[in-house]
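Step one of this worksheet: look at the structure below.
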Amino acid sequence: MADVEEFVESAGLYFERLGLSRTASRVMGCLLAETGEATDAPGLCARLGVAKSSMSVALQQLERGGLVERYRPPRARRDHYRLTDDVFGRAFRAKMAEFAAFAALAEQGLAAVGDHPAARARLERMRDMYAFMAREFPRLLDRWDVEQTDAAPSPRDGSGATEARHP
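Quick note on my numbering: the sequence shown kicks off at 7 and runs consecutively.
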């Protein structure tokens, strides 16, 4: 269990660096390492030692971002939370909008620096790299989706049945 707790904290630090709140980041770690423990809000609060209000905000952030989904198990009195099937594909797709923003920022920089050769070279490289990423990354994610659809068993039922999982 200590190894899982250490993983949850490591995941928390990692996802926090990516822009999630600390509590939301630790929830991601818990759900990644979920082993059948309660994944309702009170269970997550107890496991992480956080206040109900912090957990509520974190779960809303994760749900709005499409990273977790709320569901109610049969005969349960509370909603539970789990990672969406394509959590990382969704996260990467959401970040793709930033590629265009960086390219636009580079264009603004190019207009600002005029003919200065060193500054222009840096900004052109930045613009070109983000334009390349905006063009190629969707294709890479599409290939990932096809590969996962063709090869992966459903994580929900453990039956080994293949289930299409598209965003």
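From the three backbone atoms N, C-alpha and C, an ideal C-beta is built for every residue, glycine too.
All of these numbers come straight from a predicted model, not from anything done at the bench.
ask   = Around the Cβ of serine 31, are there at least 16 other Cβ atoms within 10 angstroms (buried) or fewer (exposed)?
value = Within the sequence shown, numbered from 1, the residue matching residue 31 stands at position 25. The residue is buried, with at least 16 neighbouring Cβ atoms inside 10 Å.
Cut-off 6 Å between Cβ atoms - residues of its own chain near aspartate 156, not counting five sequence neighbours on either side = The residue you call residue 156 lines up with position 150 of the sequence shown. Answer for aspartate 156: no residue qualifies.
ask   = From the DSSP output, which residues share a beta bridge with histidine 122?
value = The residue given as residue 122 occupies position 116 in the sequence shown. In DSSP, histidine 122 forms no bridge with anything.
query = If leucine 116 and arginine 131 are in contact, beta carbons under 8 Å, what's the gap, nearest whole angstrom?
reply = On the sequence shown, position 110 is the one that residue 116 refers to. On the sequence shown, position 125 is the one that residue 131 refers to. The pair is not a contact, with the Cβ atoms about 11 Å apart (cut-off 8 Å).
message = Tell me which residues share the same chain as methionine 61 and place their Cβ nearer than 7 Å to its Cβ, disregarding the 5 neighbours each side in the sequence.
response = Against the sequence shown, residue 61 aligns to sequence position 55. Here the set comprises Thr29, Ala47, Leu50 and Cys51.
key: Reference threonine 45; option with closest CA among Leu89, Glu12 and Ala8   = The count along the sequence shown starts at 1 and reaches residue 45 at position 39. It is Leu89 whose Cα lies nearest to the Cα of threonine 45.
query = Can you give the Cα-Cα distance for arginine 78 and leucine 68, rounded to whole angstroms?
reply = Reading the sequence shown from its first residue, position 72 is the one you call residue 78. Reading the sequence shown from its first residue, position 62 is the one you call residue 68. The straight-line gap from Cα to Cα measures roughly 17 Å.
message = Can you tell me where the beta strand (DSSP E) holding glutamate 75 begins and where it ends?
response = Walking along the sequence shown from the start, residue 75 turns up at place 69. Run containing glutamate 75: 74-77, per the beta strand (DSSP E) assignment.
query = Looking at the unbroken beta strand (DSSP E) that takes in arginine 88, where does it start and where does it end?
reply = By one-based count along the sequence shown, residue 88 stands at place 82. Segment 86-89, the beta strand (DSSP E) holding arginine 88.
ask   = Which term fits valine 74, buried or exposed, when burial requires 16 or more other beta carbons within 10 angstroms of its beta carbon?
value = Looking up residue 74 in the sequence shown gives position 68. Counting Cβ neighbours within 10 Å, valine 74 comes out buried, since at least 16 surround it.
query = Helix, strand or coil for aspartate 92 per DSSP?
reply = Residue 92 sits at position 86 when you count from the first residue of the sequence shown. It is coil, neither helix nor strand.
Straight-line gap, glycine 42 to cysteine 36 (C-alpha atoms, nearest Å) = Mapped onto the sequence shown, residue 42 falls at position 36. Mapped onto the sequence shown, residue 36 falls at position 30. So the two alpha carbons sit approximately 11 Å from each other.
query = According to the neighbour-count rule (16 or more other Cβ atoms, all chains shown, within 10 Å of its Cβ), is leucine 146 buried or exposed?
reply = One-based indexing of the sequence shown puts residue 146 at position 140. Exposed, because fewer than 16 other Cβ atoms sit within 10 Å of the Cβ of leucine 146.
key: From Glu11, Ser59, Phe21 and Arg141, residue whose alpha carbon lies closest to that of methionine 102   = Sequence index remark: in the sequence shown, residue 102 carries index 96 (1-based). Among Glu11, Ser59, Phe21 and Arg141, the Cα nearest to that of methionine 102 belongs to Arg141.
Top-ranked residue by Cα proximity to alanine 187, from Gly95, Leu129, Gly25 and Arg96 = Since the first residue shown for the chain is 7 and the last is 173, residue 187 is missing from the structure and cannot be characterised.
key: Pairwise C-alpha distance: arginine 99 and proline 144   = Locating residue 144 in the sequence shown gives position 138, where the first residue counts as 1. Locating residue 99 in the sequence shown gives position 93, where the first residue counts as 1. Each residue's Cα considered, the two are about 8 Å apart.
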